[in-house]
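Top line first, the protein sequences correspond to chains A and B. Each residue of the first sequence is one higher than the one before, starting from 1 at the first, in UniProt numbering. Each residue of the second sequence is one higher than the one before, starting from 1 at the first, in UniProt numbering. Where a beta carbon is used, it is the ideal one built from N, C-alpha and C, also for glycine. Notes to accompany the following structure.
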Amino acid sequence: MSAEQRAPVVLGIETSCDETGVGIVRGTELLANRIASSMDLHARFGGVVPEIAARAHLEAMEPTIRAALDDAGLDLDEVDAIAVTAGPGLAGALMVGIGAAKGLATARDLPLYGVNHLVGHVAADVLSGEPLELPTIALLVSGGHTSLLLVRDLAGDVELLGETIDDAAGEAFDKTARLLGLSYPGGPSIDAAAVGGNSAAVRLPRGLTAPKDRERHRFDFSFSGLKTAVARHVERAEAAGEPLATADVAASFREAVVDVLVAKALDACAEHGIPRLLLGGGVVANRRLREVAVDRCAAAGVALRIPPLDLCTDNGAMIAAVGAMLVARGDGPSPLGFAAESTLDASVVQVVDA
Amino acid sequence: MILAVDTSLGTSVAVLDGDEVVFAERADDARRHAEHLGGMLERALEGRRDRIELVVAGMGPGAFTGLRVGIAAARAVALGLGVPCEGVASHAGVTQGDAQVTTDVRRRERAWSLVEAGLVVDGPHLAPADAVPDPGRPGLARIDADAIDAALLARAAARGAARIEQALYLREADAVASAGPKRVSQPTAGRS
Ligand SMILES: [Zn+2]
Numbered sequence: 001m002s003a004e005q006r007a008p009v010v011l012g013i014e015t016s017c018d019e020t021g022v023g024i025v026r027g028t029e030l031l032a033n034r035i036a037s038s039m040d041l042h043a044r045f046g047g048v049v050p051e052i053a054a055r056a057h058l059e060a061m062e063p064t065i066r067a068a069l070d071d072a073g074l075d076l077d078e079v080d081a082i083a084v085t086a087g088p089g090l091a092g093a094l095m096v097g098i099g100a101a102k103g104l105a106t107a108r109d110l111p112l113y114g115v116n117h118l119v120g121h122v123a124a125d126v127l128s129g130e131p132l133e134l135p136t137i138a139l140l141v142s143g144g145h146t147s148l149l150l151v152r153d154l155a156g157d158v159e160l161l162g163e164t165i166d167d168a169a170g171e172a173f174d175k176t177a178r179l180l181g182l183s184y185p186g187g188p189s190i191d192a193a194a195v196g197g198n199s200a201a202v203r204l205p206r207g208l209t210a211p212k213d214r215e216r217h218r219f220d221f222s223f224s225g226l227k228t229a230v231a232r233h234v235e236r237a238e239a240a241g242e243p244l245a246t247a248d249v250a251a252s253f254r255e256a257v258v259d260v261l262v263a264k265a266l267d268a269c270a271e272h273g274i275p276r277l278l279l280g281g282g283v284v285a286n287r288r289l290r291e292v293a294v295d296r297c298a299a300a301g302v303a304l305r306i307p308p309l310d311l312c313t314d315n316g317a318m319i320a321a322v323g324a325m326l327v328a329r330g331d332g333p334s335p336l337g338f339a340a341e342s343t344l345d346a347s348v349v350q351v352v353d354a
Numbered sequence: 001m002i003l004a005v006d007t008s009l010g011t012s013v014a015v016l017d018g019d020e021v022v023f024a025e026r027a028d029d030a031r032r033h034a035e036h037l038g039g040m041l042e043r044a045l046e047g048r049r050d051r052i053e054l055v056v057a058g059m060g061p062g063a064f065t066g067l068r069v070g071i072a073a074a075r076a077v078a079l080g081l082g083v084p085c086e087g088v089a090s091h092a093g094v095t096q097g098d099a100q101v102t103t104d105v106r107r108r109e110r111a112w113s114l115v116e117a118g119l120v121v122d123g124p125h126l127a128p129a130d131a132v133p134d135p136g137r138p139g140l141a142r143i144d145a146d147a148i149d150a151a152l153l154a155r156a157a158a159r160g161a162a163r164i165e166q167a168l169y170l171r172e173a174d175a176v177a178s179a180g181p182k183r184v185s186q187p188t189a190g191r192s
């Protein structure tokens, strides 16, 4: 097969948080998507512990690469390029992936692309089998980030419209679950506890949605006030000696988070005249978020895209997808001296500075 | 040929061909391991990819974040070349002779090992920086090392240094189990 006929095979490595992800794509075709999670190791701490995550990445990395190659039925000599998350994310965790990627790329003499994790979440959609329609608004929600992006061109025109100014949405779920005596991770446990609950029972704040916030924080998020309001509610019930209506609190909390996320995303669609919304990140696993997004997007005439769940959580295939796009465009690799950038800006698709 | 990588202090990469060091680069920078390593590996491997038979990783002790970069890279190079990766104690990369080797592991502590003929025979252990125990071997030199030489790690591996499977952190990960939620409201009068 000639080079023109054959789409590039790219192996992607993702270690920005607590998932060790290795994925392999051929162009926009998904060949493998292996994820080893250290989530269980963090459970007793109620949140991701960076040093524990980084230690777990180091031990999981090589077996996960081997497993992905097995799944794809490929040898390393059939891989054309390596891509790795350069940021944003936890610095110590990112460095394990970058170390492994540099080792693999130099050993095989392959081009190496250091790419943006957030752009990866958007690129994941190209692996779902349908073409990604651009421009689109993208809402990326996980335990590590809550970001609203305007994506005009995946390979070079991504604008961060807003992000959380305190906790990520997933973190808010984890912290609130602890307040309610529920298990980690908070998303699934709050979902379970909310069954049968009345989401209007407890009045909770919608962060950064007041008229005064419109100017500076129209597309930003804040969840720490919400978590504090839940804490107050729990303490008040305790002080009054009343039983806590956990189902109502869980349902009300979840509704408040989902309401703000979807309202701000649709406000961005309206403001920029873009009738398309893409969801990404692990919090997309939340059923209520998907339901509300489906209903309100339909009402607003906005086309909603939600990639399959194993492409929404942090994974290596989405990183490989970004790499494949850069290779297909003829972009050169990143210099071998690139660093982990824990606060990498969403507009930087690929790191090019050493 | 043996390729050795260590990032327990600075960044050190070397290639040993038989008894001869054919490549050695070092950056005595206690940070930026991931940055230095890419170019060093590229230069170390150029023209030698088919001839490397073993990759050796310095497994520490050292500052955790940097240490992991070299181990992850060494394992991946070995995977890429289709050769084994062997971990050895980084303190073997200080001397070919006999010494008590110590290195800074931050938090006012040093790690120390007894090295005999370039191989770690006891340790590494952790000690307060100002109270590293005397091993009770009259005449034995103490070396407070600021850098690791990957070429010495390659030699140690060639001479049968004990194989270390996991990073030598010497300390548990910093993490405190949650002690329950913090109060956010003022305790009401009479109920504090
Ligand atoms: Zn993510």
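Query                                                                                                                 : Result
Min CB distance Asp18(A) to chain B below 8 Å                                                                         : no
Close beta carbons around Gly136(B), own chain, < 8 Å, minus the five adjacent residues each side                     : none
heavy atom of ligand 1 below 7 Å from Asp314(A) C-beta                                                                : yes
Test: Glu42(B) CB closer than 8 Å to a CB of chain A                                                                  : yes
Paired residues, beta bridge with Tyr113(A) - DSSP                                                                    : Ala83(A)
Where Ala317(A) sits in the DSSP three-state scheme                                                                   : helix
Which of helix, strand or coil DSSP assigns to Ala201(A)                                                              : coil
Residue nearest to Thr313(A) in terms of C-alpha spacing, selected from Cys297(A), Leu204(A), Gly280(A) and Gly323(A) : Gly280(A)
Proximal residues of chain A, C-beta to C-beta of Ala73(B) below 7 Å                                                  : Gly99, Ala100, Lys102 and Gly103
Exposure of Glu4(A), with buried meaning 16 or more beta-carbon neighbours within 10 Å                                : Annotation note: pLDDT 48 at Glu4(A) (below 50); position unreliable, coordinate value reported separately. By the 10 Å Cβ count, Glu4(A) comes out exposed.
Continuous alpha helix (DSSP H) stretch holding Thr246(A): start and end                                              : Thr246 to His272
Three-pair Cβ contact test at 8 Å for the stretch 244 to 252 of chain A versus the stretch 265 to 276 of chain A      : no
Helix, strand or coil at Glu86(B) according to DSSP, with G and I counted as helix                                    : strand
CB contact flag (Leu336(A), Gly39(B), <8 Å)                                                                           : yes
Residue interval of the beta strand (DSSP E) (run including Pro188(A))                                                : Note, Pro188(A): premise wrong, no beta strand (DSSP E); alpha helix (DSSP H) at Gly186 to Ala193.
Contacts of Met95(A) in chain B (Cβ-Cβ under 7 Å)                                                                     : Ala34, Thr65, Arg68 and Val69
CA-to-CA distance, Gly241(A) to Ser192(B), given in whole angstroms                                                   : The predicted model places Ser192(B) with a pLDDT of 35, which falls under 50 and marks its position as unreliable, so this point remains unresolved.
Exposure label - Gln100(B); buried when at least 16 CB within 10 Å                                                    : buried
Residues of the stretch 37 to 53 of chain A whose Cβ lies closer than 7 Å to any Cβ of chain B, in chain order        : Arg44, Phe45, Gly46, Val49, Glu51 and Ile52
Buried or exposed (CB count within 10 angstroms, at least 16 for buried), Thr343(A)                                   : exposed
Chain A within 8 Å of Leu81(B), Cβ atoms only                                                                         : yes
N- and C-terminal bounds of the alpha helix (DSSP H) containing Gly66(B)                                              : Phe64 to Leu81
Residue-level contact to chain B via CB, Asp331(A), 8 Å cutoff                                                        : no
Any C-beta of chain B under 8 Å from that of Leu336(A)                                                                : yes
Local conformation of Thr176(A) per DSSP, three classes                                                               : helix
Spatial neighbours of His42(A) in its chain, beta-carbon cut-off 8 Å, leaving aside the 5 residues before and after   : Asp18, Val48, Val49, Ile52, Ala53 and Tyr184
Per DSSP, the bridge partner or partners of Gln350(A)                                                                 : Val115(A)
Arg142(B) and Ala129(B) closer than 8 Å at C-beta                                                                     : no
Selection from Gln96(B), Leu67(B) and Leu170(B) that minimises the alpha carbon distance to Ala151(B)                 : Gln96(B)
Own chain, CB closer than 7 Å to Thr15(A), minus 5 neighbours either side, in chain order                             : His57, Thr85, Ala93, Leu94, Val96 and Gly97
Nearest neighbour of Gly73(A), chosen from Arg214(A), Thr28(A), Ser38(A) and Asn33(A) [CA to CA]                      : Asn33(A)
Span of the alpha helix (DSSP H), counted from its first residue to its last, around His233(A)                        : Ser224 to Ala239
Coil, strand or helix - Glu341(A) by DSSP                                                                             : coil
heavy atom of ligand 1 below 7 Å from residue 355(A) C-beta                                                           : This structure does not reach residue 355(A), given that chain A is present from 1 up to 354, and the question cannot be answered.
Any C-beta of chain B under 8 Å from that of Ile24(A)                                                                 : no
Close beta carbons around Arg75(B), own chain, < 6 Å, minus the five adjacent residues each side                      : Cys85
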